[in-house]
Structures are given as C-alpha cells and as structure tokens.
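Take a look at the structure below.
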Amino acid sequence: MDPVNQIRLRQRRQYTRRFLRNLAVLLSLLAGLWQRVGAADEQSLEYQVKAAFLLNFAKFTEWPSSAFRSADAPLSICILGDDPFDGVLDQMIRGEAINGRKLAVLQIKRQPRPQTCQVLFMGKTQKDIRRTLADLGSGVLTVGEEESFLREGGMITFVIENRRTRFDVNPAAADSAGLKLSSKLLSVARTVKK
Amino acid sequence: MVNRRRSSLWSFRDLPIARKLLITLLATLTAALVLSGAGILIADSLLFRGYLQNDFDTLAQIVADNTTAPLAFNDPRAAAETLAALKARTHLVIACIYRVNGTLFATYRRPDALYGCPSSAAQPPTERAGGDQTISRPILLTGRRIGTLVLRYDLAQIAERRALYGAMVLGMLLASSIIAVLLSSRLRAIIAMPIAQLVNATRAVADTADYGIRVQKLSEDELGSLVDRFNEMLSVIQSRDDHLTTALRDLETALSEAEKARKRFHFMAESMPQKIFTAEPSGNIDYFNQQWTEFTGLSFEQIQNWGWTQFIHPDDLEENIRLWQQSIATGEPFHLQHRFRRADGVYRWHLSRAHAMRDAQGKISMWIGSNTEIHEQKEKEEELRRANDDLQQFAYSASHDLQEPIRNVAVYSEVVARRYSKVLDAEGQKFLGFLTEGGRRLATLVDDLLAYTRAGAVEGLPGTVNAGSVLQQTLATLGEAIRENHAIVTADPLPEVHIGEAHLQQVFQNLIGNALKYRNEDSPRIHISATNQGAAWRFAVEDNGIGIDPQYKEKIFGVFKRLHREQKYGGTGIGLAICQRVVERYGGRIWVDSAPGKGAIFYFTLPHLAPQARSTATDSSAG
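Same order as they appear, the protein sequences are chains C and L.
All residue numbers for the first sequence refer to the numbering used here, where the first residue is 387 and numbers rise by one.
All residue numbers for the second sequence refer to the numbering used here, where the first residue is -19 and numbers rise by one.
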C-alpha cells in the first residue's frame, strides 16, 4: 500500500469519526426540540396553518374595485374579536402583495364599516354570527371556524379532518357578495356547498 | 483506390446505354430521396426537439398553474390527482412537485419508468436515462414561489418519427425504383433503340460498303436529327462514291487511251525515215526514235535529257542550246539547221524543227520534234550557189571588160562619121549610121548588164533610208523625161525602210521609167504609195499606161524579156529583172496587177526584219 492511500484512509477515518460525533449532537438537540414542541400549545400550530390558508384564500379570490376605498388602498384582513393567530398573520403578510395591493391585518371589535375589511375572520369565540354576516354588506370574504358557519351565511369555514386543516366553501354566498372564488380554490375544498 | 474507381468508371462507360440510363435514373432517385429524406429527418429532429420542449414547457406551465391551490392549501392528494391526468402524455416519464422548502409534495410516475422523483428538489435529476429531458418550473402564487415542478420526458417520439421517415424513404425508394425500371425499358425503346439501329447501320455500311443503306427515323429529337445527318452523310458518301467510281473508270479509260495514243505515236515515229524526239516542257528530251540510236550509234540512255549535246557539231552547239532554251522559255517553235555526228564520226547536216503541244488550258504539255537529214540538198545548194557566183562574176567581169572596146567602137564610129562623111558615099554613110547605132545600143546593154549584176551584190550593211527622200532624188533624176511626157507624179508619205539607198533608187527609177515609157495618148499619171502589212511594207507604183496582158505577168521580170518591138519602145529589157533581183535580195517580192489598156500597178514588199538578222540566217544556211 502506497503512502498516499495510507494518508487518504486515515483522513477518511477521521471524517467518519467527526461525522458520528456531530450526528450524536444533532440527535440530542432534535430530541430536545420535540419535547418543547410537544409541550407547546398544539393550537398555535393549527393557527399557523389557518393563518397561511387565510392569506391564500385572499390570493384565490377576486374583489370588485368597489370593495376598496381607493385604488391604492391595502387589502385588509380583519380579525373580529379575539385574535387566535398570536401575531403569526402579521408576520406572514409582511412583504406580500395581491394584485398590486399591500396587505394589512386589522383587529376589530365590532361590525366593520364598508370598504374597511376585504377578508373578515370570525373565530370560535364570536357570537351571533348570523346577524353580523347579515349586516355586513357586499365585498367582504367571510371566513369562519365552525361547521355551522356556512349555514349561517358564511363563505368559507375551516374544518379539521384527520388532524389536517381543511375547508368547506359556499360559493353562492361569495357570489351574492360580488366576489369570485377561483375554481382552483374550490378544487381543493373538502366540500363545496350547493 | 484511384485505380479501382477508374476501373469501375470505365466499366460503367462500357455498359450498354439502356443499362446506363437505368443506373443513372436509380442513382438520381436514390440520391434525391436519401438526401431529401435525410434533410427532412435532420430538420424535423431539430424542429421536433424544439417543438417537444415547447410542448412540455406549456404542459409544465399548465400543471404548475393547476397545482397552486393544492400547494397553497397543502393538499398533496389533489396535486397527485392533477398529476395523474398526465398519464395521457405517454412520453412524460415523471412529474414531481416540491414544496418551497424542497421537500417532495406530489409525484407522478409512468408505470414503466425506470426511476422516480428524487426526494428533494435540490437533488440533481437522475442520469440513468441519458436521452430524457428535464424541465424545472417554479410554481408561483401572486408572484411568490410556493413550490417547484419538475417534468422529465423521453425523446422516444423523435426515434419514432425517424423510423417513420426512414420507412417512408425506403418505401418511396422501392416504388420509384420499380417506376425507374419500367421507365428505363421505355427509355430503352426511345433512346437506346435508335442508337442501336445507327450502330447496326454503321456496321452494315462498313461490312458491305453499301452506301444505299438508310436508317429509319423514330423521333424528331437530337437522335432523330442524328439519324437524318447520318442518312445525309450516307447519301453524300454514296454520290461521292459514285463519282469516284465514274472518275476512276474515266481515268482508266483516259489512261488507256493515252497509252494507246502513245503507242500509236511511237509506232508512227519508229516507222518514219526521219529522226523524231519528244521533250518535256522543261526541255528534257524523253524520247528518241530508233532512227536516232541507229544514226548516232548511241543508246537512248546516253542521249536522253541533255545527253544529245554530245553529237552536235561543236560550232553549232552554242547556238543550238541558246535557241532551244529560248523556245522552251517562250514556247516559240524551234527551227535550226545544224550538224549531227554520225556513228562513223562524220557530221551530217540536219534541219531540226520542234513544236510545243499545248493542253486545253494552253499550257505546254510536251515538245515534239523532227530532224530531217538535208546534207545532200545542202551540198547541192552549195554547188549551185558557187556556180551562180561564178556566173555572176563572169557576167560582171565580161560586161566590165566589154565596156572599153564597145566604147571604142561607138567613139570611133562617131569620129569616122564626123571626119570622113565627105569621103563616104551615101551607102557608106548609111552603113556607118548602123555601126554607130549598134555601138551605142551595145554600150547601153553592157551598162544595164553591169547594173543587174551589181543589184545582186550586198553593199555592206544597209541602214534605214527614208523611201520618200529616195523617191524625190529619183524624180529629180527623171525630171527631163517627166517634163517631156507632161506626166503627173504623186506620192503618199513613205516610210523608213531597211534597204541600200542606191538599190531602192534603182527600183523606183525602173518602175517610174517604165510607167513613163509605156504610155498611151493621155499624159501619164503616176502614183506611189506604201501600206504596212504587219511583217513588211508593201509599195505600189500605179500608172494609167497601156497595161500588160495577164499572161505576161511572170515573164516580164525575166532578163532581156521584151514585149514590144524596139522601134516603138526603147530599152534593153533588163529593168524589171534588176528590180526583182534587188527586192528579193532584201527578202521581198515583186509582182504586177494589170490588164491591157487599164494601166498597171507594180507592187513590191520590203520586210520590217532587220537585214542584219536575215543576213545571219542566210549566212548560216549558206555556210
């Protein structure tokens, strides 16, 4: 065996040893992470997904220009009542734009005025949804979290199926509010209300 | 390599035309089809590769567009369903959708695919199927990348198309080959057949030399005109052949005629007593008859061409050669008297003549000559001349010697008549008168005789004299007789002539004297004139006298010939004889044209020829 190969062999052994040591460190770190995640609120993961979906709903929806106050007005996602997203949504919309409009997240306590909100999220804690929806007027995409949300006149509602976040759609409601939902959106919905 | 190609080319060159046509057709077709097939194939491969790429780009765009929602809403099943629809595209091998973080989201795999999607978008596409093409596209939602689509497709379509095109080209090649074979048999009838006919006709003409053969014309194209030209050529050759045959026959006939003529001529020449020769236009003598070889004792070979000069007398040779060359140069007849040496060494006189024979164009074709032996004639002439000379000498000396005693007779008879007339009686005086008269006449007669003999002698070399001035002198001499007779003498302008002045004066004096003498009751009218006859001047002396009976026309020029009694017309009767002698001495002639009572015209000619040359010829004939 020539000296060059001897050196190579020795180097390779050194690399292997170093790799194993690093792997051990990584595994211990991952184990720690897993514990922390498990310990963390499972709800926060769910709302991270819902925040992403909420943003994506806006991306698959077309508003009439009358839904905005002005041509350069931002597209506002309003959260009625309690905010379950814990600031995740604000992080997500940073740097995003839809059809040339900037995005904004608004926390509102009561019924929004016309042309203020283009997306309105009503969480589980929200009461008297039917009335709120009935008084809302056109140009607002309504998103809820309850199975009953669509029956009460909502357009999209999140559902959890096999621990996966999905959604149902009521295109008729969106249609009557002057909104156009992309067929692509409908194609990935769990159910589409007829 | 080069040799083989040349040999294959040569063998192609030697093939029959029909085979050449077939091969050419097939080669052209194959080349055209293969080249166009290959061109189409290459172009199509390039174009189709681009087309495929475009096609799959479009497909990728559609798929990416259709998978935005599944990606956005984290629905791999929906994405997989979308991808599953791609199975209609049989050349798509795999389709992979990756999330924005690179993890695999959804896949499609053709059942027979040899590989699947890499588990990470960062992983390079597998290299196992080298011909497969990869398209990678970002999946965008509102300008933001939410994932990546990777498509891989194979290029089996290109191979399929290649196979299809190849099969088409092969099929067309096969079909066109069949057409080419069919066409070539047709072409054979159209092109090769007429050529074969021409070849056969050429061979037949060459074998049989029958120029009546004609080739049938099958078309109006170049081959047709070739056949026409060939037929024209044959007819030209045919007519030439006919002409040639005729000309050959004519030539043979002419040659045999010429041969016959030559034989006839030679036979004639051999049978003649004279010596005969022929010469080429250049003067080379190419024939002597037998009389020659017998006479000279030399063979033909010895005397042909210029060999004859050896038997010519040395004194004659120079002139002989000069005259012969002059004749050859000018074509004038050759004429000479000269001496040939006989076999026994004796020279004999011959008269040689040669004339040029000319062809239709006037060109000299040969000389024909004859040589007549004139030796004895020549000797006789010589004797005669000597006798004549003697006679003349005698006549001259006789008349000269007679002058003195006759003058004495005349003088003394006059003396007696003057001094002794008283002594003599009447009868004595009468006899004395007869004596005186006789003496006077005798003196005149002797004078005339002397003049006559002198007229034959040449007085040196005569130059030219003006006949007009000679006539004037003559008229002056005759002046008294002219006045007594009241004669009128007129003359035209007269030329210069070659003659001794005294001789011409003798002629004029005798002729004009006769005209004055033989007059009738009318006063004499005499006219002298001269006309140019080309070779000589002809003089005429015309009068209105008593004329001459035609029966005496010749007689009057004899010596002492008189037609009248002396009592009526005086004279010795020698004048015209003197005229004739003078004129003939200079090569001329004298004659008379007359009738009784109608006057007379005496003519005499004097040649233009210089007496010098004539005298030379005369000398040689005399010598």
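All C-beta atoms in this analysis are idealised placements derived from N, C-alpha and C, irrespective of residue type, glycine included.
Unbroken alpha helix (DSSP H) run spanning C:SER524, endpoints: Segment: none, C:SER524 is in no alpha helix (DSSP H) and carries neither H nor E.
Just the C-alpha distance for C:ALA425 and L:ILE119, rounded to the nearest angstrom, thanks. With a pLDDT of only 42 at C:ALA425, under the threshold of 50, the placement of this residue in the model should not be trusted; the figure read from the coordinates follows. Rounded to whole angstroms, the separation of the alpha carbons of L:ILE119 and C:ALA425 is 35 angstroms.
Would you list, in chain order, the members of the region 387 to 409 of chain C that have their beta-carbon closer than 7 angstroms to a beta-carbon of chain L? none
Say whether chain C places a C-beta atom closer than 8 angstroms to the C-beta of L:ASP92. Cβ-Cβ to chain C under 8 angstroms: no for L:ASP92.
For L:ILE554, is the classification buried or exposed, using 16 other Cβ atoms within 10 angstroms of its Cβ as the cut-off for buried? buried
Give the interface partners of L:THR48 over in chain C, defined as CB-CB distance under 7 angstroms, in chain order. LYS570
Quick one: what does DSSP say L:ALA75 is sitting in, helix, strand or coil? strand
Listed from N- to C-terminal order along the chain, which residues in the region 555 to 580 of chain C have their beta-carbon within a distance smaller than 9 angstroms of any beta-carbon of chain L? SER568, SER569, LYS570, LEU571, LEU572, SER573, VAL574 and ALA575
Proximity test, Cβ basis, 8 angstroms: L:ALA52 and chain C: yes
C:GLU533: buried (16+ other C-beta within 10 angstroms of its C-beta) or exposed? exposed
Could you give the distance in angstroms between the alpha-carbon of L:LEU32 and the alpha-carbon of L:GLY146? 20 angstroms
Test: C:PHE439 CB closer than 8 angstroms to a CB of chain L: It does; some Cβ of chain L falls within 8 angstroms.
Let me check you understand the geometry: is the CB of L:ILE462 closer than 7 angstroms to at least one non-hydrogen atom of the ligand FMN? Summarising the ligand content, the structure contains no ligands, and the ligand FMN is consequently not present.
Can you check whether the CB of L:THR416 is closer than 8 angstroms to the CB of L:ALA390? Less than 8 angstroms separates the beta-carbon of L:ALA390 from that of L:THR416.
Would you please verify whether the beta carbon of C:LYS436 is less than 8 angstroms from any beta carbon of chain L? With 8 angstroms as the cut-off, C:LYS436 does not count as an interface residue toward chain L.
Strictly below 9 angstroms CB to CB, what residues from chain C border L:ALA58? SER573 and VAL574
Can you tell me which of the three DSSP states C:LYS570 falls into? helix
Tell me whether L:PHE414 sits in a helix, a strand or coil according to DSSP, three-state version. helix
Residues near L:GLN196 in its chain [Cβ-Cβ closer than 8 angstroms; skip 5 each side]: GLN177 and VAL207
Buried or exposed, going by whether 16 or more other CB atoms sit within 10 Å of the CB of L:ILE159? exposed
DSSP three-state assignment for L:LEU94, whether helix, strand or coil: coil
Going straight from the alpha carbon of L:LEU162 to that of L:ARG183, what length do you get? Using only the alpha carbons, I get a separation of about 30 angstroms.
Going along chain L in order, which residues have a C-beta closer than 8 angstroms to the C-beta of C:ASN548? Going along chain L, no residue has its Cβ under 8 angstroms from C:ASN548, so there is no contact; the nearest lies around 12 angstroms.
When the cut-off is 8 angstroms and only beta carbons count, does C:ALA425 lie next to chain L? At C:ALA425, the pLDDT of 42 sits below 50, so the modelled position is not reliable and the matter cannot be decided from this model.
Pull the bridge partners of L:ARG168 from the DSSP assignment, please. None; L:ARG168 has no bridge partner.
Tell me the DSSP secondary structure of L:ASP266 in three-state form. strand
Find out if the Cβ-Cβ distance for the pair C:LEU506, C:PRO498 is shorter than 8 angstroms. yes
Closer than 8 angstroms by beta-carbon distance: list the chain L residues that pair up with C:LYS445, in chain order. Within 8 angstroms Cβ-Cβ: ALA52, LEU121 and THR122.
Any chain L beta carbon closer than 8 angstroms to C:ILE484: yes
Classify C:PRO450 as buried or exposed, calling it buried when 16 or more other Cβ atoms lie within 10 Å of its own Cβ. exposed
Among L:GLU501, L:ASP472, L:TRP517 and L:GLY459, which has the Cα closest to the Cα of L:ILE479? L:TRP517
State yes or no: is the C-beta of L:ILE126 within less than 8 angstroms of the C-beta of L:LEU27? no
In this structure, how does DSSP classify C:GLN397 when only helix, strand and coil are distinguished? Helix.
Go ahead and label L:ALA186 buried or exposed: buried means 16 or more other beta carbons lie within 10 angstroms of its beta carbon, across all protein chains shown. exposed
Work out the CA separation of L:THR47 and L:ALA40 for me, nearest whole Å. Straight-line Cα distance between these residues: approximately 10 angstroms.
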